[in-house]
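Using full-length UniProt numbering, read the sequence shown as starting at 1 and increasing by one per residue.
Each residue gets a CB set at the ideal place from its N, CA and C atoms; glycine is no exception.
Working notes, structure below.
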Amino acid sequence: MSVTVVQPSATARTRLHPMDARSVEIAAGFWADRIRLNRERTIPHGLDRLRSTATLDNLRLASGYRAAADSSGATFPFLDSDVYKWLEAVGWSADPALVAAADDVITLVCAAQRADGYLNSYVQAGHDEPYRDLSWGHELYCLGHLIQAAVAWHRALGDDRLLTVALRAVDHLPGSLVDGHPNIEMALVELTRLTGDRRHLTMAARMLELRGHRTLPGADRFGASYWQDHEGVRDASAVAGHAVRQLYLDCGAVDVAVELGDDRLLAAVRARWDDMIRTRAYLTGGVGSRHRDEAFGDPFELPPDRAYAETCASIAGVMLAWRLLLATGDTCYADTIERTMYNGVLPGIALGGTRFFYTNPLQRRTHRAPGGAGPRQPWYPCACCPPNLMRLLSSWDQYLATYDDSGVQLHQYTSAEIRTPRADLRIGTGYPWDGRVAVHIDRTSPEPWTLSLRVPRWCRSATLTSPDGTLAVSAGTVKRHRRWQPGDVVELNLDLPARITEPDPRIDAVRGCVAVERGPLVYCIESADAPVRTEIEELTWDPGRPLTPVPRPDLTESMIGVDVPMTGGLTAGAIPYFAWANRTTEAMRVWIPRLTEPTSWSPGRPAAS
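Right under this line is the structure:
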């Protein structure tokens, strides 16, 4: 049994196989620090919030631990999912202290299940009837998260308490239903992979076939596309509607496609993905530009200040990209995972690990209307993002590398030890601040095998040094096939100059602007780093002077910032976008205007003149 979030069956049509989490240890550096922070501060903080808010109240009501007279229960129908996501995070962490702390929560979940197997504490607390409100009730969505938590506890800990509950709850389902919020589909496929019972895969496939026929009531509010119920999963050529729903749906579609060998379904998902990345994804990898329905906008509708870019949507994008990488072997998906993790996911959590962003705009104005992007919050009434962050960070070691019949593929770079039947690898790097990645072969089988390393698309200059010599390499995958010896070293050197990125001119909101990037990181300018007595809206980039990387120990010990030249001889400091709003939450912008010619505008004239 492999310890992995996604474990395609032996007959699944995939190009790559995920590494067992027990064979990967992130030893030091950037990601080790964040995983440790997640384990020591973020996950315990999550339990405190689950206990101090109403999140557990419905489970207490359903279990009989609290009388109805003592509490009316929580008011949101999806709060069970936050409990399950938190439990999944604990499962993948396999930390003994966290596992012990979760015992009472698991006991509560087990006690809340009805004798017939049904489990949804919002319904059981008297707020609704089973399966009556599939559009907004989130019943199957919550069940999907319960299954995913059960998978984590079974695979990582050998604990089947949650699995027993999940299997009974699935058996209660009255045939194939369509839930307003997809998630159950990928969970059911994983349940088949875990148990071998193909009924769950069949149910997931049937749910996909039922979607797209406008069967969900309530379409008058946002339209059928909000639920991806406007076209069939094989027919829709573009992403639509609520961003998280779309990406979770496509995760399930990939899982079904590879298990059933359904090439048409996989091709449809890939087409939607390509359309999203090309026309609807922010520079950070975030998606979703509309606040009203948390949805994708029109092609190239990507306003920086009004970006919704929900943290959960970025997490869903990583989940889908991982499945597409396993299915196809195409490193473009690993590139997107890297961009999204650093710039779309990590901004959702403060450097201290206990405050969160729900939305992630790329601009915050100095003089702004009330509301908007305020400081990160310790929790939210709708707290889907914090526990989602916890579970992804707990399982991040599973996303670093894969294997196939030819050898081992390294996709994400961090100091780590990776043990495979073919070889034991030890990776040392200061990534993302430093571009040197050294892979040490500590043990190897005598047969030749292939080591593959990803050269990111952002990299314009790189070299690879191996026992075969040194050569220049370009973006994509570089492979070395040979009979390795213990002590061999392969060194990938990625050039990391700060660089200017220009937007697609079809993005009206940032036409004429530039962004600063270095390596995999998107940078931004905050008020705290603007020239004295200058508002960031007054700054324009000066192309006549170079960008200068500079240490930023005021934020973290190893962080590298960039000094950005501005017109008028000014200089502004840029920091990685993921680190913004960790001092004060003032003005910020990713896209900087580029003044290309003199203008006749002057103070006092209308801005649009």
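Same chain only: Cβ atoms within 6 Å of residue i, ignoring 5 sequence neighbours per side
i	result
residue 148	88, 187
residue 548	563
residue 226	241, 242, 293
residue 588	364, 524, 526, 580
residue 344	284, 285, 286, 314
residue 422	445, 449
residue 275	238
residue 59	108, 112, 121
residue 608	Interpretation of residue 608 is limited by its pLDDT of 46, a score under 50 that renders its predicted location unreliable; no figure is taken from the coordinates.
residue 620	What is shown of the chain runs 1 to 609, which leaves residue 620 out entirely.
residue 181	138, 141, 245
Option nearest residue i by Cα separation, candidates the options
i	options	result
residue 550	361, 539, 544, 572	572
residue 539	24, 349, 592	592
residue 339	519, 121, 130	519
residue 202	158, 169, 259	259
residue 495	508, 474, 486	474
residue 509	590, 464, 479, 575	590
residue 282	503, 139, 36, 215	503
residue 119	557, 104, 99, 78	78
residue 426	235, 420, 416	416
residue 480	454, 110, 337	454
residue 33	456, 295, 352, 216	352
residue 101	116, 76, 141, 44	44
residue 533	257, 366, 80	366
residue 546	167, 452, 566	566
residue 115	104, 63, 82	63
residue 424	439, 413, 430	439
residue 403	431, 385, 451	451
residue 75	37, 128, 418	128
residue 400	392, 413, 229	413
residue 458	96, 517, 398	517
residue 432	418, 466, 341, 468	341
residue 246	384, 261, 212, 132	212
residue 436	491, 209, 376	491
residue 304	288, 209, 483	288
Beta-ladder partner(s) of residue i, from DSSP
i	result
residue 450	407, 481
residue 444	423
residue 492	437, 464
residue 242	295
residue 550	561
residue 385	Note: residue 385 sits in no beta bridge, so no partner.
residue 415	28
residue 576	523
residue 589	363, 525
residue 515	501
residue 18	402
residue 287	281
Residues near residue i in its chain [Cβ-Cβ closer than 8 Å; skip 5 each side]
i	result
residue 291	306, 308, 359
residue 505	511
residue 434	496
residue 130	118, 120, 123, 139
Presumed contact (8 Å Cβ cut-off) between residue i and residue j, rounded CB distance
i	j	result
residue 13	residue 329	The pair is not a contact, with the Cβ atoms about 12 Å apart (cut-off 8 Å).
residue 143	residue 154	Between residue 154 and residue 143 the Cβ distance is about 16 Å, and since that is not below 8 Å, they are no contact.
residue 251	residue 319	5 Å
residue 194	residue 233	Contact doesn't hold; Cβ gap of about 24 Å is too wide.
residue 177	residue 134	6 Å
residue 42	residue 315	Their Cβ separation, rounded to whole angstroms, is 14 Å, which puts residue 42 and residue 315 out of contact at 8 Å.
residue 387	residue 31	Going by Cβ atoms, the distance from residue 387 to residue 31 rounds to 19 Å, so no, they are not a contact pair.
residue 93	residue 22	Actually they do not touch by this definition, with Cβ atoms about 13 Å apart.
residue 486	residue 442	6 Å
residue 610	residue 500	Absent from the structure is residue 610, since the part of the chain shown begins at 1 and ends at 609.
residue 346	residue 578	4 Å
residue 99	residue 83	That pair is no contact at about 15 Å.
residue 536	residue 530	5 Å
residue 269	residue 310	Going by Cβ atoms, the distance from residue 269 to residue 310 rounds to 20 Å, so no, they are not a contact pair.
residue 327	residue 254	6 Å
residue 477	residue 331	5 Å
Own chain partners of residue i with C-beta closer than 7 Å, once the 5 adjacent residues on each side are dropped
i	result
residue 69	Note on residue 69: pLDDT 43, under 50, position unreliable in the model; no value is reported.
residue 396	31, 35
residue 91	149, 152, 153, 156, 157
residue 300	279, 504, 506, 507
residue 168	113, 117
residue 420	23, 403, 408
residue 222	293
Item to check | Ordered list of alpha helix (DSSP H) runs contained in the stretch 327 to 383, each at least 4 residues | outcome: The DSSP assignment places complete alpha helix (DSSP H) segments of no fewer than 4 residues inside the stretch 327 to 383 at 332 to 340, in order along the chain.
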